[in-house]
Amino acid sequence: MEGKTDFTKLNQDHFDNEAAHYDAKHEKTTEEIARRIETRRDFIGVDWIEDDDSSEDENGDDTHRQPHRTVKVLDYACGTGSMSRFLIGLVLCPGQALAPYITQSIGIDLSEKMVAAYNVRAQNQGLTEDEMAAFHGNLCVPGDESPGAFRDPKFFDFDLAVVGLGFHHFDDPELAAKRLVARLRPGGVLMIIDFLPHGPHGSDSSESHGHEHHNHHHHHHHHPHDHSHHGHHHHEEHGQIEVEGGDASIGKALKTVTHHGFSEEHIKEIFVDAGAGKDFAIDNMGQVVFGPRHGKRTLFMARGTKA
Numbered sequence: 001m002e003g004k005t006d007f008t009k010l011n012q013d014h015f016d017n018e019a020a021h022y023d024a025k026h027e028k029t030t031e032e033i034a035r036r037i038e039t040r041r042d043f044i045g046v047d048w049i050e051d052d053d054s055s056e057d058e059n060g061d062d063t064h065r066q067p068h069r070t071v072k073v074l075d076y077a078c079g080t081g082s083m084s085r086f087l088i089g090l091v092l093c094p095g096q097a098l099a100p101y102i103t104q105s106i107g108i109d110l111s112e113k114m115v116a117a118y119n120v121r122a123q124n125q126g127l128t129e130d131e132m133a134a135f136h137g138n139l140c141v142p143g144d145e146s147p148g149a150f151r152d153p154k155f156f157d158f159d160l161a162v163v164g165l166g167f168h169h170f171d172d173p174e175l176a177a178k179r180l181v182a183r184l185r186p187g188g189v190l191m192i193i194d195f196l197p198h199g200p201h202g203s204d205s206s207e208s209h210g211h212e213h214h215n216h217h218h219h220h221h222h223h224p225h226d227h228s229h230h231g232h233h234h235h236e237e238h239g240q241i242e243v244e245g246g247d248a249s250i251g252k253a254l255k256t257v258t259h260h261g262f263s264e265e266h267i268k269e270i271f272v273d274a275g276a277g278k279d280f281a282i283d284n285m286g287q288v289v290f291g292p293r294h295g296k297r298t299l300f301m302a303r304g305t306k307a
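Those letters in the sequence shown? Residues 1 to 307, per UniProt numbering, in order.
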């Protein structure tokens with residue numbers, strides 16, 4: 001792929017190597033991811049199809065009906081597609097009915113093997129390419145605003161563009177945000193899940209994490225300890241999420257990191273400069289424990305609307 005930097009190649013190789021066993025390693029994590037996204041559904045601020053299309057019909061039948069409109073998602077740095085599978089209704093939240101929030105998810109990833117795994121999972125669930133499909137590529141090559149592989153109209157006018165724990169791997173997150181916002185329809189939402197500032201191999205830059213923030217246009221949900229698909233295997237323990245896999249596995253992943261977290265001010269500036277500063281809101285999502293050698297890190301979810 002043209003336009004590769006050393007970090008881009010490092011990321012591609014790392015996630016190619018992870019793809020074969022990625023879903024098995026993270027299977028127990030998927031329900032927790034889904035639950036924590038579910039608690040922030042209103043915070044994200046997308047007009048989900050589930051809000052009006054799975055309600056009871058005129059005969060009192062509450063079975064899921066065909067949606068009357070479309071909700072289209074760009075899952076960037078999509079990995080094997082856990083975010084897409086939740087949003088399209090393939091991941092069951094504990095205590096929740098299995099219902100889709102969207103009608104189409106398109107994934108894009110640097111790793112060909114992650115893309116292949118994403119598509120196999122979608123096909124095994126009986127989904128068509130029009131419902132859920134991933135593509136190998138890079139929207140963030142400097143000087144190439146419209147890569148040839150992504151000029152088809154289906155790669156534009158998204159209702160939501162999301163990056164789950166991939167932003168800190170990007171050479172240029174500012175450019176990435178601009179490229180993603182360019183793919184949104186007017187009124188579409190950019191959503192980023194990533195880390196607050198932390199040291200290169202240690203704890204958060206501050207142990208004070210009480211600064212939850214929200215915009216008055218959205219509900220604020222205080223359910224900490226989220227994570228997403230381009231991270232490591234996590235479980236909840238004593239009020240935190242602890243990363244499993246050992247220092248060697250974590251150390252390899254850390255070599256693909258280009259940014260050691262983002263402050264609220266920095267991420268807001270990125271959203272504003274990208275054209276998604278409207279109704280900007282950020283939610284502190286609690287700590288992740290990386291083990292004794294790597295300390296703790298705190299996650300955030302940020303969202304903004306394209307004007």
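A virtual CB, placed ideally from N, CA and C, is assigned to each residue, including glycine.
One Cα belongs to Ala-99, the other to Glu-174, and the distance between them is close to 34 Å.
Annotated as distal: Phe-156 and Leu-139, with beta-carbon spacing of 8 Å or more. Gln-104 is bridged by DSSP to Lys-72. The beta carbon of Ile-44 sits closer than 7 Å to those of Val-189, Met-191, Arg-303, all from its chain and outside the five residues before and after it, given in chain order. Secondary structure at Arg-185: strand, using DSSP grouped into helix, strand and coil. The alpha-carbon separation between Val-46 and Cys-78 amounts to approximately 19 Å. For the pair Tyr-76 and Val-181, the CB atoms are not nearer than the 8 Å cut-off. A direct Cα-Cα distance of roughly 18 Å separates Ala-117 from Val-73. For Phe-158 and His-198, the gap between their C-alpha atoms comes out near 32 Å.
With contacts defined by Cβ atoms closer than 8 Å, Thr-70 and Gln-104 form a contacting pair.
When secondary structure is reduced to three states using DSSP, Ile-37 falls in the helix class. Taking a contact as a CB-CB distance under 8 Å, the pair Lys-278 and Thr-305 counts as one, their CB atoms being some 4 Å apart.
By the neighbour-count criterion, in which a residue is buried when 16 or more other Cβ atoms sit within 10 angstroms of its Cβ, Asp-130 is exposed. Beta-bridge pairing by DSSP links Leu-190 to Ala-161, Gly-304. In the structure shown, Gln-123 adopts helical secondary structure according to DSSP, grouped into three states.
The shortest C-alpha to C-alpha distance from Phe-135 to any of Asn-119, Gly-143, Gln-123, Thr-128 is the one to Asn-119. With respect to Ala-274, Lys-154 sits apart: the two C-beta atoms are not nearer than 8 Å. Closest option to Gly-107, judged by alpha-carbon separation, among Arg-185, Ala-161, Arg-297, Ile-49: Ala-161.
Rounded to the nearest whole angstrom, the C-alpha separation of Glu-50 and Ile-88 is 10 Å. When DSSP states are grouped into helix, strand and coil, Ile-44 belongs to the helix group. Taking the Cα of Val-115 as reference, the smallest distance to any Cα among Phe-86, Gly-81, Ala-276, Ala-176 is reached at Gly-81. Counting the other Cβ atoms within 10 Å of the Cβ of Gln-123 gives fewer than 16, which makes it exposed. Residue burial annotation: Asp-109 is buried, with at least 16 other C-beta atoms found within 10 angstroms of its C-beta.
Taking the CA atoms as reference points, Arg-185 sits about 31 Å from Gly-286.
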